[in-house]
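Asker: To start, I am sharing the structure in question, which I have written as structure tokens.
Number of protein chains: 2
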Amino acid sequence: MKAMTIPQTGEPSVLTLADVEQPTPGDHDLLIEVHAAALNPVDTKLRSGKFRAPVTFPLIPGFDVSGRVVAIGNQVTRFRPGDAVFASPSLFKPGAHAEYVLVHEDIAARKPESLSHIEAAAVPLALLTAWELLYDMADIQGGQTVLIHAAAGGVGHLAVQLAQARGGIVIGTASSEDSLALLEELRIDHATNYKTEDVHDRIMSITDGRGCDAVFDLVGAEVFKSSIPLVATRGHLGTIVGIPADADLNPLFLKSASLHAEFMGATAMAGRIPTHQGGILKQAAAMIEAGTLKPHVSKIFPLEDLAAAHELQATGTATGKLVVQIRE
Amino acid sequence: MKAMTIPQTGEPSVLTLADVEQPTPGDHDLLIEVHAAALNPVDTKLRSGKFRAPVTFPLIPGFDVSGRVVAIGNQVTRFRPGDAVFASPSLFKPGAHAEYVLVHEDIAARKPESLSHIEAAAVPLALLTAWELLYDMADIQGGQTVLIHAAAGGVGHLAVQLAQARGGIVIGTASSEDSLALLEELRIDHATNYKTEDVHDRIMSITDGRGCDAVFDLVGAEVFKSSIPLVATRGHLGTIVGIPADADLNPLFLKSASLHAEFMGATAMAGRIPTHQGGILKQAAAMIEAGTLKPHVSKIFPLEDLAAAHELQATGTATGKLVVQIRE
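Here is the structure:
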């Protein structure tokens, strides 16, 4: 089968289209004919050597898939050949920037019928990240003030909608015209342009000086550090990037706050199947069908142009998701 | 009225018994005739100058009270004179190492009838700390493995019982004979003597190498740092002391873990009444009456001997709680 491979770390030009053996499903695997596969920051981190978990090269990237089941393992009970499914394949196995990919049945869910494969591929990894952080870890509640940094990004625009679904008062940061337009389309309560406004002052004005019940840093480093004073007493600070070594966390103690460091690949990294993730995707699919959750795809690339997609993804400026179309 | 005062920071000898004006209740205050008032680490921190929130001297310490309501403010609706109550008075107002103390009605609860004032005074501050950390922040669940460092201490022995009430598999560290005996009396699942055993090896043996779903550091510094590798994937690390500046928190990210920094005085520090705390004490009182929660008092001091109580509290070796008896 055709697959895009990363032979070793380097610039986007290292990405190499190759002919590799089509995989054979293990007992609980689905063999999925890939229709579309989104791009995530983890793709560019793997390619550039910035991914912090151990991996071996060459590897096939691509950790979102929407497609059709074409074969199943002996023990599979939840899906049949022909089913349209979406999933986030394991970060530690061959990915979906290929004609076929294997996915354990417990991490897959039926593709929402109202979405195309292109749209469905935009959901899994980003949605799982947002869901685990906002729902499983911070457990945000109705009426809480929720600040989302990079609110129009791949994880951000789904996090905004999850916060809205819980009844949160949602504040998002963004800077580009496209991103601010997406936040308006999502009817976010407050959008702040971090390039032209003082985010701290804006937050204190919105929250009467209390700060936000939950602050989600989807950017890292300086944004993480500047988020600490924005957290309310007994609030939550979340990151999907990591905790800067030079961040002074003691203000969180005097606020009796919680810090959540979300990594959707943690269970797989520990050698286990993140079986809860199939259930999350099933719930997300129900929200999508009900019209309360909608992914935003800003650009579609053919597999051959994956390097260009990596270039754009690495700028961190794309609105919503970039998706690779593998077949019609 | 008689009150023990801290005129300025210093050794236990600075504690001065003084005659001070009896306070008058504000609109929502209860004037409580203090029968007993426990000691907490915050007392010795305030006295030694190690408390990190801003306070002004002289002050009256003592942030646990069990006693009888003798007068109420105009707007008080939940209590009447004569009621036996227990509470944790605000850290930022005159405390309970005195004949009388004021407490906002929303942070008080009826004293459990099955407890003496001495026993009831051992509960509030430590229980609120354990409850907010284990229930409100980490939200521990049945079947989870829960490690509690200093499990026989003031907060620890209540945390053990809260974890047990949720159905947790509870592991506690301790070292003294008295402390290990208390853990046995509490029927803890596993007790480990950190002076004679390798805690890391013991935890990995108990958890099949996965680590604990929740690790509560009630000690700080090196215990906090050594706790990080003991946290399971998607687990919780809690502290009631603070986050050491030199702790490497990045392993928490690769585990997708949460860090909870509990400070029961945070709401008061932000200038508001921690109204939820009265409700917590009410629930704790119900558990006490039902026999699922029981405070352990290891030593009782008269108010005049508060300096001796500070000396013992500061060693960090006392089992359960030290309580000051103000009147019979």
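Chains L and F, in that order, give the protein sequences. Here the first sequence stands for residues 8 to 335, where the numbers follow my numbering. Here the second sequence stands for residues 8 to 335, where the numbers follow my numbering. Note that beta-carbon positions come from the ideal geometry of N, C-alpha and C, so glycine has one too.
1. Just checking my contact of L/G150 with L/G179 at CB under 8 Å: how many whole Å lie between their CB atoms?
2. When DSSP builds the beta bridges, which residues end up paired with L/R75?
3. Of all the residues that make up the stretch 148 to 167 of chain F, which are near chain L by a beta-carbon distance shorter than 7 Å?
4. For L/M11, name the three-state secondary structure that DSSP assigns.
5. Is the CB-CB distance between F/V76 and F/V92 below 8 Å?
6. What does the alpha-carbon distance come out to for the pair L/T51 and F/D146?
7. Where do the ends of the alpha helix (DSSP H) carrying F/Q290 lie?
8. List the residues that DSSP assigns as beta-bridge partners of F/N47.
9. Could you check the C-alpha separation between F/L24 and F/R54 for me, to the nearest Å?
10. Taking the straight line between their C-alpha atoms, what separation do you get for L/F308 and L/L329?
11. What is the C-beta distance between F/A10 and F/A105, in whole angstroms, given that I count them as a contact (C-beta under 8 Å)?
12. Quick check: L/V177 and L/D196, are their CB atoms within less than 8 Å of each other?
13. Taking only beta-carbon positions, decide if L/N47 is within less than 8 Å of chain F.
14. Excluding sequence positions up to five away, which residues of its chain have a Cβ less than 6 Å from the Cβ of L/H243?
15. Do the stretch 314 to 330 of chain L and the stretch 312 to 325 of chain F make contact, defined as three or more Cβ pairs closer than 8 Å?
16. Listing by chain order, which chain F residues have their CB less than 8 Å from the CB of L/I250?
17. So that I know if they touch, is there some Cβ in chain F lying closer than 8 Å to that of L/M276?
18. Take L/L225 as the anchor and find which of L/G163, L/T299 and L/R85 has the nearest alpha-carbon.
19. Is the CB of F/A78 under 8 Å away from at least one CB in chain L?
20. When we look at the beta-carbon of L/T203 and count the other beta-carbons within 10 Å, is it buried (16 or more) or exposed?
21. Is the beta carbon of F/V21 closer than 8 Å to that of F/V41?
22. I'd like to know whether the C-beta atoms of F/H156 and F/V108 end up nearer to each other than 8 Å.
23. How about L/S212: is its C-beta nearer than 8 Å to some C-beta of chain F?
24. So, with DSSP's three-state summary, where would you put L/T199?
25. Comparing alpha-carbon positions, which option in F/H124, F/A316 and F/P30 lies nearest F/E18?
26. What is the DSSP secondary structure of F/T136, counted as helix, strand or coil?
27. Under 8 Å, Cβ to Cβ, is there at least one residue of chain F near L/T16?
28. Alpha carbon to alpha carbon, what distance is there between L/L132 and L/I13?
29. Report all residues from its chain with a CB closer than 6 Å to the CB of F/G161; omit the five preceding and five following residues, and keep chain order.
30. If the cut is a Cβ gap below 8 Å, which residues of chain L does F/F270 touch?
31. Is L/E229 close to chain F, meaning its C-beta is less than 8 Å from at least one C-beta of that chain?
32. Take F/N47 and list the residues in its own chain whose beta-carbon comes closer than 8 Å to its own, dropping the five residues that flank it on each side.
33. For F/Q332, which of helix, strand or coil comes out of DSSP?
34. Where does the unbroken alpha helix (DSSP H) through F/I210 begin, and where does it stop?
35. Classify L/I125 as helix, strand or coil using the three-state DSSP reduction.
36. Would you list the residues sitting across from F/Y107 in a DSSP beta bridge?
Answerer: Looking at the coordinates:
1. About 18 Å; that fails the 8 Å criterion.
2. L/E40 and L/A91
3. The residues in question: there are none.
4. Shown here, L/M11 sits in a strand according to DSSP, grouped into three states.
5. Yes, Cβ-Cβ distance for F/V76 and F/V92 is below 8 Å.
6. 35 Å
7. H283 to A297
8. F/N47 pairs with nothing; no bridge assigned.
9. 14 Å
10. 8 Å
11. Indeed, because the Cβ distance is near 3 Å, the residues count as touching under 8 Å.
12. yes
13. no
14. A145, A221 and S265
15. no
16. L256, N257, L259 and F260
17. Taking 8 Å as the threshold, the shortest C-beta distance from L/M276 to chain F falls below it.
18. L/G163
19. No, no contact with chain L.
20. exposed
21. no
22. no
23. no
24. strand
25. F/A316
26. In the structure shown, F/T136 sits in a helix (DSSP, three-state: H, G or I).
27. No, L/T16 does not count as interfacial toward chain F.
28. Cα to Cα, the separation comes out at about 20 Å.
29. Within the same chain, F/G161 has close Cβ partners A133 and K328.
30. F260, L261, K262 and S263
31. no
32. F70, D71, L132, A133, G161 and Q320
33. strand
34. V206 to I213
35. Helix at L/I125.
36. DSSP, once it has assigned bridges, lists F/E40 as partnering F/Y107.
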